[in-house]
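Novice: Be aware that the first sequence starts at 6, since it is given in the working numbering, and climbs by one per residue. Ideal Cβ positions, reconstructed from N, Cα and C, are used throughout, including at glycine.
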Amino acid sequence: MARYWLFKSEPDVFSIQDLQNSRGKRTSWEGIRNYQARNFLRDDAQVGDGVLFYHSNADPLAIVGTATIVKAGYPDHFAWQDGHKYFDAASTPDQPVWFMVDIRLTQIFRHPVTRSSLLLEPDCRDMLLLKKGSRLSIQPVTESEWQAVHRLAN
DNA sequence: GCCAACGTTGGC
DNA sequence: GCCAACGTTGGC
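1. Give every residue of the same chain whose Cβ lies closer than 8 Å to the Cβ of aspartate 17, excluding the five residues on either side of it in the sequence, and list them in chain order.
2. Can you name the start and end residues of the alpha helix (DSSP H) that valine 18 belongs to?
3. If you draw a straight line from the C-alpha of leucine 123 to the C-alpha of arginine 130, how long is it?
4. Identify whether leucine 66 lies in helix, strand or coil by the three-state DSSP scheme.
5. With a Cβ-Cβ cutoff of 8 Å, do alanine 50 and glycine 70 count as a contact?
6. Give me the DSSP bridge partner(s) of aspartate 107.
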């Protein structure tokens with residue numbers, strides 16, 4: 006049973022266009038350094054799960070497309086590369102603290118689903134994304150939210 | 001650029 | 001275990 010997720014990314018750092026330009030339209034999703042998000046990646050994300058790709062700190066703020074999990078949670082090896090921006094001495098190959106997944110682009114929406122349109126969509130009113138102060142960068146999404154976003158994108 | 005909300009750290 | 005201080009996120 007596939008699940009659905011929402012991944013946030015600042016387009017100045019990594020945009021959905023960057024994903025499209027990646028080899029195989031595929032990338033690893035490293036650098037998640039929040040325990041709740043880590044748990045989702047480590048324990049719950051499975052190959053085949055759908056991902057809503059959200060541009061945060063952007064103009065416009067929007068879900069700009071979708072991706073698919075193509076590799077389930079595995080240790081974030083960037084955490085044990087000394088000097089790397091994602092280095093964390095607490096994480097080791099024997100006892101990894103942080104995890105990542107791989108995703109592949111599914112589609113770039115012709116009509117991005119803006120935050121303001123999500124705020125008007127009844128089926129999306131419970132989305133964590135829309136809660137004030139919500140900073141979780143990996144969020145579970147319900148099937149009805151997933152479908153509502155696709156309706157809005159068409 | 002501002003600042004509220006949040007998660008983490010560390011002194012006690 | 002508490003909580004103030006701090007750094008970061010992210011909408012506005």
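Specialist: Taking the coordinates as given:
1. The sequence position of residue 17 within the first sequence is 12, counting from 1. Result list for aspartate 17: Asn62 and Ala63, in chain order.
2. The residue labelled residue 18 in the question sits at position 13 within the first sequence. From DSSP, valine 18 is part of no alpha helix (DSSP H); its letter is neither H nor E.
3. On the first sequence, position 118 is the one that residue 123 refers to. On the first sequence, position 125 is the one that residue 130 refers to. Whole-angstrom Cα-Cα distance: 8 Å.
4. Here residue 66 corresponds to residue number 61 of the first sequence, with the count starting at 1. Leucine 66: coil per DSSP, three-state reduction.
5. On the first sequence, residue 50 is found 45 positions in, with the first residue counted as 1. On the first sequence, residue 70 is found 65 positions in, with the first residue counted as 1. Taking C-beta atoms as the reference points, alanine 50 and glycine 70 fail to come closer than 8 Å.
6. Along the first sequence, read from residue 1 onward, the residue named residue 107 stands at position 102. Answer is Ser33 and Lys76.
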